[in-house]
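Written out below as structure tokens is the structure these notes cover.
Below, the structure written as structure tokens:
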């Protein structure tokens, strides 16, 4: 069987013991402790363990890196949200929600920059590099055009109509809570952590399937959700956003699409965002079969959105394959060359 090309992602092994144990100077017990002429037994033991090849291999394996990254990201986010909830008990609910979403988003970015990007055999930062502004702008435009086309199809079928002007005062609030926060947090979690290390271990296809399924399942707790809605999110969102990430190996494009998709449906067209109430520039009404309108969950659970967005995602996957961005499973990849 011919092995798929691996151009686009490198999996060369590196020594990351200095990253995992930055307070130690590695090289053996004869290396001196910083600021003193000797090292105690505990530090020598830690150094020997950290530099042990089997330990290094375990700590840098994809699934261990994934577990550490999840613990760091979700732990930091959960702790921050809990502390804010206690500190803001006497604040209005909308303000608490806005503050919590904004602060937790910043904390997740810090967790990514300080911990997640340093993990694995080949550490990399998916939130840096040239082209960030261009890819984000492209994603914002693509998300707007994509959901506008969905609304256009439903409107032409007589299932969507504008009933009046909306609430522009809510727009800034929504940009943070419906746009920036979910785009940043969910893209880091599902693409830069789950998809990335599942792909490194099992290859692109299994990583795409598992991360997309989990992305859809994470919406089951939303108002008006169902397994059909979750599967729809997995197909239209999971496939599309994974494809955008695969194509660029950065988060900017997928974050732009994600944020714009949410803001366009809720804050422009007044359509519920994954079951959550929309307070947008327009007041609108969906009426007709649930299969075509998504019922109270919104158009994301309609066959119209699922079909259009999934086809776009498949087109991006094909483009990624043409550019050599698909990755085979670890056991299909050639072993890294030994150091000279």
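Numbering (the numbering used here), first residue to last: 30 to 369.
Beta carbons: idealized from backbone N, C-alpha and C, even for Gly.
Per-residue DSSP class, three states only, for residue i
| i | result |
| --- | --- |
| residue 315 | strand |
| residue 332 | helix |
| residue 342 | helix |
| residue 291 | helix |
| residue 351 | helix |
| residue 163 | helix |
| residue 241 | helix |
| residue 93 | helix |
| residue 253 | coil |
| residue 235 | helix |
| residue 157 | coil |
| residue 309 | coil |
| residue 261 | helix |
| residue 358 | coil |
| residue 64 | Note that residue 64 scores 41 on pLDDT, short of 50, meaning its location in the model is unreliable; the coordinates nonetheless yield the value given after this. Coil, per DSSP. |
| residue 114 | helix |
| residue 181 | helix |
| residue 285 | helix |
| residue 266 | helix |
| residue 83 | helix |
| residue 247 | coil |
| residue 22 | Since the first residue shown for the chain is 30 and the last is 369, residue 22 is missing from the structure and cannot be characterised. |
| residue 323 | coil |
| residue 149 | coil |
| residue 109 | helix |
| residue 171 | helix |
| residue 186 | coil |
| residue 363 | coil |
Rounded distance between the beta-carbons of residue j and residue i, thought under 8 Å
| i | j | result |
| --- | --- | --- |
| residue 299 | residue 327 | The Cβ separation is near 10 Å, so there is no contact. |
| residue 200 | residue 102 | Rounded, the Cβ-Cβ distance is 29 Å, inconsistent with contact. |
| residue 224 | residue 330 | That belief does not hold up - the Cβ atoms of residue 224 and residue 330 are roughly 23 Å apart, past 8 Å. |
| residue 348 | residue 276 | 6 Å |
| residue 176 | residue 290 | 6 Å |
| residue 325 | residue 266 | That belief does not hold up - the Cβ atoms of residue 325 and residue 266 are roughly 18 Å apart, past 8 Å. |
| residue 342 | residue 272 | 5 Å |
| residue 98 | residue 133 | About 17 Å; that fails the 8 Å criterion. |
| residue 137 | residue 216 | Incorrect: roughly 10 Å between the Cβ atoms, too far for contact. |
| residue 208 | residue 113 | At roughly 20 Å, the Cβ-Cβ gap does not stay under 8 Å, so residue 208 and residue 113 are not in contact. |
| residue 140 | residue 105 | 4 Å |
| residue 167 | residue 282 | 6 Å |
| residue 148 | residue 100 | Wrong, their Cβ atoms sit about 11 Å apart, outside the cutoff. |
| residue 222 | residue 145 | 6 Å |
| residue 227 | residue 236 | 4 Å |
| residue 309 | residue 295 | 5 Å |
| residue 280 | residue 352 | In fact, because the Cβ distance is near 18 Å, the residues do not count as touching under 8 Å. |
| residue 171 | residue 286 | 5 Å |
| residue 311 | residue 322 | Going by Cβ atoms, the distance from residue 311 to residue 322 rounds to 16 Å, so no, they are not a contact pair. |
Boundaries (first-last residue) of the beta strand (DSSP E) holding residue i
| i | result |
| --- | --- |
| residue 191 | 189-194 |
Residue interval of the alpha helix (DSSP H) (run including residue i)
| i | result |
| --- | --- |
| residue 142 | 122-143 |
| residue 300 | Looking at the DSSP string, residue 300 is not in any alpha helix (DSSP H), and its letter there is neither H nor E. |
| residue 202 | 200-203 |
| residue 383 | Coverage of the chain is limited to positions 30 through 369, which leaves residue 383 absent and any answer about it impossible. |
| residue 215 | 210-216 |
Q) Do the region 176-190 and the region 331-343 make contact, defined as three or more Cβ pairs closer than 8 Å? A) These segments touch.
Q | Meets three-Cβ-pair contact criterion under 8 Å: the region 145-159 and the region 231-249 | A | With contact defined as three or more Cβ pairs closer than 8 Å, the region 145-159 and the region 231-249 are not in contact.
Q) Do the region 120-131 and the region 154-163 meet, that is, are 3 or more Cβ pairs less than 8 Å apart? A) Not touching, per the Cβ criterion.
Q.
With three or more beta-carbon pairs closer than 8 Å as the criterion, would you say the region 186-198 touches the region 237-249?
A. These segments do not touch.
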